[in-house]
Structures are given as C-alpha cells and as structure tokens.
Amino acid sequence: VQILWEKPYEFLLNHRSLKKAYHIRNYEILQFIKFYNTIIDLLPTSSKQLLIENNVISISTPFLNKPLFNYISFSSEISPNLINEMGLGLIEESICSNKYQEKYKILEQEYYKLFINNCKNITNFRWNTSLPLYQYPGASTCFSQLRTLVAPGLIKFIDNQKILQSLYLHNSIKGERKSIQLSETIEKKAVTLKRFSLENVLLSLKFLPSLINLEQLKLKLENYCYLSEKDWKKYLLIASFPKLQYLKAQYLPPHGV
1 VQILWEKPYE FLLNHRSLKK AYHIRNYEIL QFIKFYNTII DLLPTSSKQL LIENNVISIS
61 TPFLNKPLFN YISFSSEISP NLINEMGLGL IEESICSNKY QEKYKILEQE YYKLFINNCK
121 NITNFRWNTS LPLYQYPGAS TCFSQLRTLV APGLIKFIDN QKILQSLYLH NSIKGERKSI
181 QLSETIEKKA VTLKRFSLEN VLLSLKFLPS LINLEQLKLK LENYCYLSEK DWKKYLLIAS
241 FPKLQYLKAQ YLPPHGV
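In the UniProt record's numbering, the protein residues as written are 1 to 257.
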C-alpha cells in the first residue's frame, strides 16, 4: 500500500502503459475512479461538503467507509498530473465548458490543500497552478526539504519568500524582460541568501555584489557566449563574498574570474 501511494501518479501511469496495447475495459476505468474516490474520502468533511454543494462530485459518492490509513502521508510527490486526471474522471461536464473549469478549480484547491497539509519532505515539485500554495496550512513543513522547483511563476514565488537562504536556477528563464525581472528580484533577496547555484541561465549579474552573506556559490555557464562578457567582468570585479566557504565554477569567461 505504501509503495502505491508513495508516487500515486507514477503508479497509475505505469498501470496504463502496461495496457497501452489493449483497450481499457470498464472495470479498469472503475479502478481509477475508485482510486480518485479514495483521495476524496481522505478530505476533511468541510472540503467534501464544498465539493458536493458545488456539484463537483456526486452525493452518491460513498463516504461511509473511511480509509484505514492516511494514505496521503505516504506520498513523496504532489503531482499536478494526478489532479488533471481526477478532474477528467470525476467532473461530469465538457472539459471545454466554463462549468468544468469552475468545478475543476474547486477540486484542484482541495486536492492541493489535502496533500500539502499531509505530505512531508517533498524534494521535487512542479508548480502548475495559479493557487497560492505557499499560504496553505502545512506548506512550510511540506516544502522545507525542497531541492527542485519547476515554476512558471518563479519570479513571484521568489519575491514572496521572507527569508530565502538557498536558490538553484537551471535553464529557467527565457526572454530579456523576464531575465531583468528575475535579476531584480534576486537582488532584493540577496542579503539572506547563503547558497546560490546558477546553471545555464540567461541572467544579468547586477545582484552579485549584494550577495554579502553567501557561503556557497556554484556557476556553470556552458553558453556564456550568449551573455555579455563585459557584464560578467563588471560585477565579478566589484563583488566580494566575505563568508564564502565553497566555490565551484565551470565555463566562465577568462576575464574577471
């Protein structure tokens, strides 16, 4: 049971891939729906009531048999793909309709609240929602061990952090305007940063001199030719890291290093 719930979407995906050469039978579809309903069963009563009142789920959905375990606590992932599948499986509206989108937003909200409040030590997360997940109960515990974050709203997410100590950026920004915005946001958070890693990101380095409390710095820029070497030299020459203990650099331009 714990293995199934450790990565529930991956389990469903593998289950389907094994049957990709065959038609999925009705009983198999029912198995998926049963799995989604188990997640619904684990929701707080107030969340279930919200879903019922907004016709997101049917009142006939069985809630009498409470699951034996808090399966969500076994999970090491919070998958946006799983909530997409749940929406398709549970919401009885056309996916292109406004009604579907309205109901999906409610289901999505309660799904994330449930997982964030029950999951601990999530290390990888793909942020694929406009919901303010960082405000949900349990968010500080759930994401306390986060190592990798894929987020379209990365700039706003960084800006919302109160005491940002670690930041790892890898191929995350495309476009000059967003590059400038990200650089300015990092500069605002620079004084609290202790660990910073930059890998193949098109980014102005104007924030470098502000990293006065930095202890670890990793720079890997294979495509530095797309950056301004003059820009590199300018900020590297004036930057000072009095608390730096660890430095790793690859593919930096030869001047100003």
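We treat Cβ as the ideally placed atom computed from N, Cα and C, and that holds for glycine.
Please read these numbers as outputs of a predicted model, since none were measured by experiment.
{"Check": "So I158 and I186 are in contact, right, with Cβ under 8 Å, and what is the actual spacing, rounded?", "Outcome": "7 Å"}
{"Check": "Starting from the Cα of T141, find the closest Cα among S130, R126, N121 and P132 and give me that residue.", "Outcome": "N121"}
{"Check": "Return the chain-ordered ranges of every alpha helix (DSSP H) run that is complete within the region 61-144 and spans a minimum of 4 residues.", "Outcome": "80-90, 98-118 and 139-142"}
{"Check": "For R126, I'd like the list of residues in its chain whose CB is within less than 7 Å of its CB, leaving aside the five on either flank, ordered along the chain.", "Outcome": "P80 and V150"}
{"Check": "Verify whether the separation of the beta carbon atoms of Y235 and K194 is less than 8 Å.", "Outcome": "no"}
{"Check": "Which residues in the same chain have their Cβ closer than 6 Å to the Cβ of P209, if we skip the five residues on either side of it in sequence?", "Outcome": "I238 and A239"}
{"Check": "Check this for me: beta carbons of F32 and I72, under 8 Å apart or not?", "Outcome": "no"}
{"Check": "Which residues does DSSP pair with E199 in a beta bridge?", "Outcome": "H170 and K220"}
{"Check": "If L211 sits next to A190, beta carbons under 8 Å apart, how far is it from one beta carbon to the other, in whole angstroms?", "Outcome": "5 Å"}
{"Check": "Return the Cβ separation of Y112 and Y136 in integer angstroms, given the expectation that the two are a contact with Cβ distance under 8 Å.", "Outcome": "7 Å"}
{"Check": "Can you tell me which residues form a DSSP beta bridge with A151?", "Outcome": "A151 is not bridged to any residue."}
{"Check": "According to DSSP, simplified to helix, strand and coil, what is K230?", "Outcome": "helix"}
{"Check": "What does the alpha-carbon distance come out to for the pair K156 and Q181?", "Outcome": "10 Å"}
{"Check": "Three-state secondary structure (DSSP) at A239?", "Outcome": "coil"}
{"Check": "Can you name the start and end residues of the beta strand (DSSP E) that Q250 belongs to?", "Outcome": "Y246 to Q250"}
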